[in-house]
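Protein chains in written order, with this note's numbering: chain A, 1 to 149; chain B, 1 to 648.
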């Protein structure tokens, strides 16, 4: 018999682990990209956190809910770390949802910053990583694979 | 049938694969490694992820709690100059007082949008990275001293800012580029650079820093106010918090401006300061007591006798809930020694009227006779409708052609008011911006092009339509070259009726190329460099320019002293004095001319002061300057004395 239940299960476990590793790596890459230069003013590069901080301080986001929401950007690494913790604990759905949220947030801000004059390479890298993260997170959330103990 | 696995279950093994196998049989053999190894690995991964969570929490909390601003006043100033050095516009604005950031940001963005629309700047202009400008800050040293709680002055004791601009790379719009191309010395514009170009010595500069929510920021408005305080003749200590004037708004946008106009006209500085918007007007509120003291010193505690006799205001909506208020009709009366003056702003024109008082007319009659007094009586309101500033539809070139129309004609200003806590206040900086940049808004690119050419020195484009109408020629089109436009203007001046009094009614002096000949007829003066193309003239254009000698004063023997024959542009002060002395000695010149020159020449001593002292604005420079002024004035006092001429 070419591929029995045991072989399927072995393959499933392997693929599941690979997918988890992919999610973890892309998650780390996306978060790392948020610390890369997203915007350049004069000869000064600013990371995504510095961009958001400057936008809040300069009043670009106006007053009210927008600046408050923007301040939460600083917890993107926490969301990513939470997703990693969920993965480590075997909570794949929770990890997938968290990673998706992180990916969507990074992607959304990257799109906004890329539309502004002075956008730097970090925003583009983050956008690509965020797209990969959303796909990987969707896969780890919805695809039925074994991951072993 | 396969049961849909809950990913939350992760390693659950009791699900059969597709095809419906008995899961319990397969499960024990599938595990590729001992459960204990997997458990240890997962525990390790969990621990690592836990560490990541802890790190992320620390990062988030630290970032969220980071203070806006620097830890000390010196660090705030260092951050400010570091941002300038890095040409980091965002960093510069970020280092400023939060109260000033929004004003600056919105003003810059609005100005940029307006300037792009009228093609003064390139649409590619990015305020965060202005191409073609290089700034460098070096050797910055400073010393901080407290002014009040949360306010510290930082005196720069050393440092320079060097600036270089590459005109080719600057994001200038087509309108400005055209002005440069058409300028007579356009070649000098190609590169504005050099080690000394735009070099600012920072020694002696005082910046004021303010503390907001724990962080220190540079305050440009405070720094400006502090510079003014230091420059006043009367020494005023830094105002205490108790001396500050509290903001107090008006009931409505209209009331705010009405009360502001009343206060400005009658010299009620305290009320003016009260009406300044909180936050933005904080500097005015802080330094207001000094302004009040200075005003009282100038015109007394009772203010001025001026009166607003009519004021009709129009209110319209502005951005962000603000209101724009402008005067539809305003009449202000100013008493004077000889009668009253009144200014009327209506229908976009501002006119002045002068009325002599009966007492003054009686004095005239007593001193000069009834005939002279009658003339004065007939000329009541002589200047009415003749001394006017108007918009493009009226006599003058449009006010937009003057970059700072608000300074020429403040009565036409638009005042921006905003609401704070149900009361309305005046926004000083936005009002200033609205009244200076606002008039340019809505201009078409062609009209802006004409305006830019006029500002660039092409007077042909500055002449009002009324002048062209009077001379019977069409205004110059945009297709004309600079010399063609000037030639056309010269033709126009020549063709003006002899009795033409100009758009203002009191004589027409609108052109540097216009003069009067011996018969007091209008003539164009040949300025010696423009060529008048024939195709613009039905008659030989050279005939338009009368002989230059018609306009030269009688030759003055002293002229030769300023213009030596060796082909140099001008003589040195020593050469001039020696030359004048020789002329006096030979009897060709009066002693007075030489003495007057000597009184003026004392100022040349300032040229010998080292540049670093001259540009520092230091006490040493002030002392040198004051000494020169005093000696020159003393010299003039001597030759102005009646006894001098007797001696002479």
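C-beta atoms are modelled at their ideal positions from N, C-alpha and C, and glycine is treated no differently. Predicted model, so just to flag it, every value in this text is computed and none were measured.
Buried or exposed: residue 73 of chain A, going by 16 or more other Cβ atoms within 10 Å of its Cβ? As a first step, residue 73 of chain A must be located in the first chain, where it is residue number 73. It counts as buried.
query: Could you give the residue range of the beta strand (DSSP E) that holds residue 335 of chain B?
result: What you label residue 335 of chain B is simply residue 335 of the second chain in a count that begins at 1. Run containing residue 335 of chain B: 323 to 336, per the beta strand (DSSP E) assignment.
*Taking only the alpha-carbon atoms, compute the straight-line gap between residue 356 of chain B and residue 297 of chain B and give it to the nearest angstrom.*
Residue numbering aside, residue 356 of chain B sits at position 356 when the second chain is read from its first letter. Residue numbering aside, residue 297 of chain B sits at position 297 when the second chain is read from its first letter. In a straight line, the C-alpha of residue 356 of chain B is about 28 Å away from that of residue 297 of chain B.
Worksheet item: What is the residue span of the beta strand (DSSP E) that residue 212 of chain B lies within?
Response: Against the second chain, residue 212 of chain B aligns to sequence position 212. Run containing residue 212 of chain B: 206 to 212, per the beta strand (DSSP E) assignment.
* Within chain B, partners of residue 136 of chain A - CB distance below 9 Å -> For the purposes of this step, residue 136 of chain A is identified with residue 136 of the first chain, where counting begins at 1. For the C-beta of residue 136 of chain A, not a single chain B residue is nearer than 9 Å; the gap to the nearest is close to 13 Å.
Q.
Could you compute how far the alpha carbon of residue 142 of chain A sits from the alpha carbon of residue 58 of chain B?
A. Working through the first chain from its first residue, we reach residue 142 of chain A at position 142. Working through the second chain from its first residue, we reach residue 58 of chain B at position 58. Rounded to the nearest whole angstrom, the CA to CA distance from residue 142 of chain A to residue 58 of chain B is 32 Å.
Discussion item. When you compare the CB positions of residue 38 of chain A and residue 126 of chain A, do they come within less than 9 Å of one another, or not?
Written reply: Start at 1 with the first residue of the first chain, and residue 38 of chain A comes out as number 38. Start at 1 with the first residue of the first chain, and residue 126 of chain A comes out as number 126. In this structure, residue 126 of chain A lies closer than 9 Å to residue 38 of chain A by Cβ.
Query raised in the report: According to DSSP, which residues form a beta bridge with residue 216 of chain B?
Result: Taking the second chain and counting its residues from 1, the one referred to as residue 216 of chain B is at position 216. B/70, B/211.
Q. Would you say residue 122 of chain A reaches chain B, if we count a Cβ-Cβ gap shorter than 9 Å as a contact?
A. Residue mapping note: residue 122 of chain A aligns to position 122 of the first chain, counting from 1. Taking Cβ atoms only, chain B never reaches closer than 9 Å to residue 122 of chain A, which makes this a no.
Given residue 232 of chain B, which residues of its chain have a CB within under 8 Å of its CB, disregarding the five upstream and five downstream residues? Sequence index remark: in the second chain, residue 232 of chain B carries index 232 (1-based). Around residue 232 of chain B: 290, 294.
With which residues is residue 349 of chain B paired in a DSSP beta bridge? The residue you call residue 349 of chain B lines up with position 349 of the second chain. B/346.
- Which residues in chain B sit within 8 Å of residue 54 of chain A, going by Cβ to Cβ distance? Residue mapping note: residue 54 of chain A aligns to position 54 of the first chain, counting from 1. Near residue 54 of chain A (Cβ distances below 8 Å), the residues of chain B are 90, 94.
query: Are the C-beta atoms of residue 128 of chain A and some chain B residue less than 9 Å apart?
result: As a working mapping, residue 128 of chain A is identified with position 128 in the first chain. Residue 128 of chain A has a beta carbon lying at 9 Å or more from every beta carbon in chain B.
Close Cβ partners of residue 489 of chain B (< 6 Å) along its chain, the five nearest in sequence each way excluded: As a first step, residue 489 of chain B is located in the second chain; it is residue number 489 there, counting from the start. Excluding the 5 residues flanking it on each side, residue 489 of chain B has same chain C-beta neighbours closer than 6 Å at 460, in chain order.
* **Under 9 Å from the C-beta of residue 81 of chain A: neighbouring residues of chain B** => Start at 1 with the first residue of the first chain, and residue 81 of chain A comes out as number 81. Going along chain B in sequence order, the residues near residue 81 of chain A (Cβ under 9 Å) are 49, 50, 51, 52, 53, 54, 55, 56, 57.
So, is the C-beta of residue 140 of chain B closer than 9 Å to a C-beta in chain A? If you number the second chain from 1, residue 140 of chain B lands on position 140. Against chain A, the CB of residue 140 of chain B has no partner CB under 9 Å away; the residue lies outside that interface.
Starting from residue 137 of chain B, follow the alpha helix (DSSP H) in both directions and report where the run begins and ends. Indexing the second chain from 1 puts residue 137 of chain B at position 137. Per DSSP, residue 137 of chain B belongs to no alpha helix (DSSP H); it is in the beta strand (DSSP E), 133 to 148.
| message | Under 8 Å: do the segment 110 to 119 of chain A and the segment 71 to 89 of chain B share three or more Cβ pairs, one atom per stretch? | response | no
Q) Along chain B, which residues have their Cβ under 9 Å away from the Cβ of residue 88 of chain A? A) Here the question's residue 88 of chain A lines up with position 88 in the first chain. Within 9 Å Cβ-Cβ: 42, 43, 44, 45, 46, 47, 48, 49, 50.
field: For residue 54 of chain A, the nearest candidate out of B/50, B/64, B/48 (CA to CA)
entry: Stepping through the first chain from its first residue, residue 54 of chain A is reached at position 54. The shortest Cα separation from residue 54 of chain A among B/50, B/64, B/48 belongs to B/64.
Just checking, does the segment 47 to 67 of chain A make contact with the segment 12 to 30 of chain A on the three C-beta pairs under 8 Å criterion? no
Exercise. Which word fits residue 117 of chain A, buried or exposed, when buried means at least 16 other C-beta atoms lie within 10 angstroms of its C-beta?
Worked result: For the purposes of this step, residue 117 of chain A is taken as residue 117 along the first chain, with counting starting at 1. Residue 117 of chain A is exposed by the Cβ-count criterion.
Decide if residue 241 of chain B is buried, meaning its Cβ has at least 16 other Cβ atoms within 10 Å, or exposed. Position 241 of the second chain, counted from the first residue, corresponds to residue 241 of chain B. So residue 241 of chain B counts as exposed.
- Query: Got a sec, what are the start and stop residues for the beta strand (DSSP E) residue 285 of chain B sits in?
  - Reply: The sequence position of residue 285 of chain B within the second chain is 285, counting from 1. Element bounds for residue 285 of chain B: not the beta strand (DSSP E) but the alpha helix (DSSP H), 282 to 299.
So, do the segment 58 to 77 of chain A and the segment 85 to 92 of chain A have three or more beta carbon pairs nearer to each other than 8 Å? no
Any chain B beta carbon closer than 9 Å to residue 65 of chain A
Position 65 of the first chain holds residue 65 of chain A. It does not: the Cβ of residue 65 of chain A has no partner Cβ on chain B nearer than 9 Å.
(request) Under 9 Å between beta-carbons, which chain A residues line up against residue 64 of chain B? List them in chain order, please. (result) Start at 1 with the first residue of the second chain, and residue 64 of chain B comes out as number 64. Neighbours of residue 64 of chain B on chain A, chain order: 71, 72, 74, 75.
Worksheet item: Listed from N- to C-terminal order along the chain, which residues in the segment 205 to 235 of chain B have their beta-carbon within a distance smaller than 9 Å of any beta-carbon of chain A?
Response: none
Between the Cα of residue 469 of chain B and those of B/496, B/481, B/485, spot the shortest distance and give me the residue it belongs to. Indexing the second chain from 1 puts residue 469 of chain B at position 469. Out of B/496, B/481, B/485, B/496 has the C-alpha closest to the C-alpha of residue 469 of chain B.
* Identify, in the order they occur along the chain, each residue of the same chain with its Cβ nearer than 6 Å to the Cβ of residue 134 of chain B, setting aside the five sequence neighbours on each side. => Residue mapping note: residue 134 of chain B aligns to position 134 of the second chain, counting from 1. Correct list, in chain order: 164.
Under 9 Å between C-beta atoms, does residue 104 of chain A make it to chain B?
Mapped onto the first chain, residue 104 of chain A falls at position 104. No, residue 104 of chain A lies away from the interface with chain B (no Cβ there is under 9 Å from its Cβ).
Q: Quickly, what does DSSP pair residue 606 of chain B with across the bridge? List them, please.
A: On the second chain, residue 606 of chain B is found 606 positions in, with the first residue counted as 1. The secondary-structure analysis by DSSP pairs residue 606 of chain B with nothing; it has no beta-bridge partner.
ask   = Should residue 98 of chain B be flagged as near chain A, meaning a C-beta pair shorter than 9 Å?
value = To locate residue 98 of chain B, count along the second chain from 1; it is residue 98. With 9 Å as the cut-off, residue 98 of chain B counts as an interface residue toward chain A.
- Message: For residue 586 of chain B, count the other beta carbons within 10 Å of its own beta carbon; 16 or more makes it buried, fewer makes it exposed. Which is it?
- Response: Counting from one through the second chain, the residue named residue 586 of chain B turns up at place 586. By the C-beta density criterion, residue 586 of chain B is exposed, having fewer than 16 other C-beta atoms within 10 angstroms.
Notebook entry, point to check: Short check: CB of residue 574 of chain B to CB of residue 561 of chain B, under 9 Å?
Noted result: On the second chain, residue 574 of chain B is found 574 positions in, with the first residue counted as 1. On the second chain, residue 561 of chain B is found 561 positions in, with the first residue counted as 1. No, the Cβ-Cβ distance between residue 574 of chain B and residue 561 of chain B is not below 9 Å.
Between residue 60 of chain B and chain A, is the shortest Cβ-Cβ distance under 9 Å, so that the two count as touching? Position 60 of the second chain, counted from the first residue, corresponds to residue 60 of chain B. It does: the Cβ of residue 60 of chain B has a partner Cβ on chain A nearer than 9 Å.
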